[in-house]
Amino acid sequence: MHIWMVRTLALTLATGAAAQDASRASDTPTWEPAPAALAQKAPGHPPYGMVMTTPTGKFLLTGLTFNPRTHKPEAHLYRINGPAGWGPYRSGLERGLSHSPARPRPSDNALHNTWYEDYFLFTTPAKGTAAAEAGLEQSKYDLTRIYGVDGSTFKWDVNALVYHITQSPRIEVKAIKLPIFFGPSRATYTIRNHRIDRPVADDDADLVNAPPAESLRAWLGRPQPWSDLLKLRSAKALFAPLPFDLADQKRWAVLIPGQPGQENQPRVPGALEIWTEDPQSGAFERGLAAVYTEPAEGFRPGRALLIGDTWQRLQAVTRDPATGRLIQLSLQPWVANIPALLDGAAGARELGSSPTPQLQESLEQRCNDALIEWKTRTLPRLLASQDLAPTEELVIRIEKGVLALDLGAKGIRSRLDAQTRVEAERKAQAELAAKEGKTPPQAAPSATESERLADLLDQRKAILMAILGSAKLALANLRR
-17 MHIWMVRTLA
-7 LTLATGAAAQ
3 DASRASDTPT
13 WEPAPAALAQ
23 KAPGHPPYGM
33 VMTTPTGKFL
43 LTGLTFNPRT
53 HKPEAHLYRI
63 NGPAGWGPYR
73 SGLERGLSHS
83 PARPRPSDNA
93 LHNTWYEDYF
103 LFTTPAKGTA
113 AAEAGLEQSK
123 YDLTRIYGVD
133 GSTFKWDVNA
143 LVYHITQSPR
153 IEVKAIKLPI
163 FFGPSRATYT
173 IRNHRIDRPV
183 ADDDADLVNA
193 PPAESLRAWL
203 GRPQPWSDLL
213 KLRSAKALFA
223 PLPFDLADQK
233 RWAVLIPGQP
243 GQENQPRVPG
253 ALEIWTEDPQ
263 SGAFERGLAA
273 VYTEPAEGFR
283 PGRALLIGDT
293 WQRLQAVTRD
303 PATGRLIQLS
313 LQPWVANIPA
323 LLDGAAGARE
333 LGSSPTPQLQ
343 ESLEQRCNDA
353 LIEWKTRTLP
363 RLLASQDLAP
373 TEELVIRIEK
383 GVLALDLGAK
393 GIRSRLDAQT
403 RVEAERKAQA
413 ELAAKEGKTP
423 PQAAPSATES
433 ERLADLLDQR
443 KAILMAILGS
453 AKLALANLRR
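Numbered by the working numbering, the letters in the sequence shown go through residues -17 to 462 in order.
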């Protein structure tokens, strides 16, 4: 499916060549904070947004989030269709326009060629409107079409045409009456639009997913609009950053609420953002340290979080009942759960649902390091102080843990092999579809596990085997 056809339009910050193209863009849009009533018409009812004005219309940018993997900003973009997104002039054509696309002429059809060209369809303007005063109306059989306004077709974008009309005190409309028996008749109508004097309600418009104009797309490839949108978001109580200290350094946390599923659409999860600079400064490029997607069960105590290069354990997350903003975030330095590791448990279970492979690898590596330290510093004293029964229990626990790790590592490799086969089959189908002019199958979601993750579990298995050897030796001595 084409990206602009999806229900929620996500835009991301461009980099590299795209950013260079952005620096050469013309017709830079202007922007202003969106009225709250307009922004809240977007899904999830965000209390902020940015209204961007371009030569082809106005757009709303809102719903700012950051990608958990890349930390690049993402947002939802909507065209503002309706009086709140129009200019101060009215012709009477605004709500009755549509596009009639060109189509091939059948070889056995006797109709004139003009029947098969691009046109704008319109309904007869109401009496008293500027277009009616200029004499523009439909023919008896609704055969009149518009093929240009002020010398442009606006690439047959109805919304761009409507925006132009409402920005213009005077327009020239080129119209054609499609022929039945003879040639077409053409006419030019000069319409002096009426200026509206009464204010338009801030939310008198519909928000529609639509591709941005070229100038807007280029502008969104720059950091500035995203920095400004972050400032707008941070100024709202719901998204106000919470300052806290971590390892004697200032940090800020923002809790993004999730959105319930709508019209057969899945729930949009919330997120916890950790910043090294106050988000109110707009410094998203250097200030964002970590982004964690909220699991379906919520941010529960005990979850492991990687902030910078240190692991922390979440103790508490509290929202203000009135505003929903984050008012408490309690963290403690992460300490490995040695009994769970001896049981063969994966440390990744402390990351919540759907952690990235990188986070899993980092935490499993830390677990292995902690287990080696425990084996060297704690295990000898433990074995020397225990009697027979707890030592037997330790041996049984570790043997079961080894078996669990073995299955875990093999399971990861089995799933990775299956994903590789599925992707190879998809690529083959895509090549065949390309040759046949068909839509290729979509790529599968990125893998949530990795070969290195399986290697780390194999390493832990080896560490457990060494611990098991020491425990068995101690058990043998106790049984003598």
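Note that beta-carbon positions come from the ideal geometry of N, C-alpha and C, so glycine has one too.
Quick test of your reading: residue i and residue j, contact by CB under 8 Å. State the CB separation rounded to the nearest angstrom.
{"i": "Pro339", "j": "Ala429", "result": "7 Å"}
{"i": "Gly284", "j": "Arg295", "result": "6 Å"}
{"i": "Leu75", "j": "Leu42", "result": "No, Leu75 and Leu42 are not in contact; Cβ-Cβ is about 24 Å, not under 8 Å."}
{"i": "Ile380", "j": "Leu450", "result": "4 Å"}
{"i": "Ala286", "j": "Glu332", "result": "4 Å"}
{"i": "Tyr60", "j": "Asn141", "result": "Actually they do not touch by this definition, with Cβ atoms about 12 Å apart."}
Under 6 Å Cβ to Cβ from residue i, same chain only, skipping five residues before and after it: list those, please.
{"i": "Ala490", "result": "Here the chain covers residues -17 to 462 and nothing more, so residue 490 does not appear."}
{"i": "Met(-17)", "result": "Per-residue confidence for Met(-17) stands at a pLDDT of 23, beneath the threshold of 50, marking its modelled position as unreliable; the derived number appears in the next sentence. None."}
{"i": "Trp356", "result": "Ile320"}
{"i": "Ala113", "result": "Ser73, Gly74, Leu75, Pro107, Ile173"}
{"i": "Asp188", "result": "Asn63, Gly64"}
{"i": "Gly130", "result": "Lys156"}
{"i": "Gly393", "result": "none"}
{"i": "Thr111", "result": "Gly74"}
Which residues mark the beginning and the end of the alpha helix (DSSP H) in which residue i is found?
{"i": "Val144", "result": "140 to 149"}
{"i": "Glu332", "result": "From DSSP, Glu332 is part of no alpha helix (DSSP H); its letter is neither H nor E."}
{"i": "Ile449", "result": "433 to 461"}
{"i": "Glu119", "result": "From DSSP, Glu119 is part of no alpha helix (DSSP H); its letter is neither H nor E."}
{"i": "Gln206", "result": "205 to 216"}
{"i": "Thr358", "result": "339 to 359"}
{"i": "Ala200", "result": "196 to 201"}
{"i": "Ala183", "result": "Taken as a continuous stretch (DSSP letters only), Ala183 belongs to no alpha helix (DSSP H), as it is neither H nor E."}
{"i": "Leu20", "result": "18 to 21"}
By the DSSP assignment, the beta strand (DSSP E) with residue i in it spans what residues?
{"i": "Thr36", "result": "32 to 36"}
{"i": "Arg233", "result": "231 to 238"}
{"i": "Ala253", "result": "253 to 257"}
{"i": "Ala157", "result": "152 to 159"}
{"i": "Leu228", "result": "224 to 228"}
{"i": "Asp188", "result": "188 to 190"}
{"i": "Ala169", "result": "167 to 174"}
{"i": "Arg533", "result": "In the structure as shown, the chain begins at -17 and stops at 462. Residue 533 is therefore absent and cannot be evaluated."}
{"i": "Pro15", "result": "12 to 15"}
Spatial neighbours of residue i within its chain, please: C-beta separation below 8 Å, excluding the five flanking residues on both sides.
{"i": "Arg348", "result": "Trp293, Trp316, Ala318, Gly329"}
{"i": "Asp388", "result": "Lys443"}
{"i": "Met447", "result": "Val384"}
{"i": "Gln120", "result": "Phe104, Thr105, Thr106, Thr126"}
{"i": "Ser452", "result": "Lys357, Leu361, Pro362, Leu365"}
{"i": "Gln401", "result": "Ala426, Ala429"}
{"i": "Thr170", "result": "Glu154, Val155, Lys156, Ala157"}
{"i": "Arg168", "result": "Lys156, Ala157, Ile158, Lys159"}
{"i": "Gly207", "result": "First, the residue type needs correcting, since residue 207 is Pro and not Gly in the sequence shown. Trp13, Met32, Met34, Leu43, Trp201."}
Using a Cβ-Cβ cutoff of less than 7 Å, which residues in the same chain neighbour residue i once the five nearest sequence positions on both sides are dropped?
{"i": "Ser5", "result": "Bear in mind that a pLDDT of 37 at Ser5, under 50, signals an unreliable position, so the number given afterwards is only what the model happens to contain. Same-chain partners within the cutoff: there are none."}
{"i": "Arg87", "result": "Asn95, Tyr98"}
{"i": "Leu311", "result": "Leu224, Phe226, Ala235, Val299"}
{"i": "Ala416", "result": "Pro422"}
{"i": "Pro242", "result": "Arg249"}
{"i": "Phe281", "result": "Leu254, Leu296, Val299"}
{"i": "Ile289", "result": "Leu228, Ile256, Ala271, Ala272"}
{"i": "Asp260", "result": "Pro223, Trp234"}
Runs of alpha helix (DSSP H) wholly within the segment 260 to 321 (minimum 4 residues, chain order): 266 to 269
Inside the segment 47 to 112 only - beta strand (DSSP E) runs reaching at least 3 residues: 55 to 63, 80 to 82, 101 to 103
My parser needs the beta strand (DSSP E) runs of 3 or more residues fully inside the segment 367 to 421; what are they? none
Give a yes or no on contact between the segment 355 to 362 and the segment 386 to 400, applying the rule of three or more CB pairs nearer than 8 Å. no
Hey, is the segment 37 to 57 in contact with the segment 194 to 214, meaning 3+ C-beta pairs nearer than 8 Å? yes
Taking contact to mean at least 3 C-beta pairs separated by less than 8 Å, is the segment 64 to 75 in contact with the segment 138 to 157? yes
Counting Cβ pairs closer than 8 Å, one from the segment 154 to 170 and one from the segment 182 to 199, do we hit at least three? no
So, does the segment 76 to 85 touch the segment 27 to 44, judging by three or more C-beta pairs under 8 Å? no
Is there contact between the segment 267 to 285 and the segment 44 to 52, where contact requires at least three CB pairs shorter than 8 Å? yes
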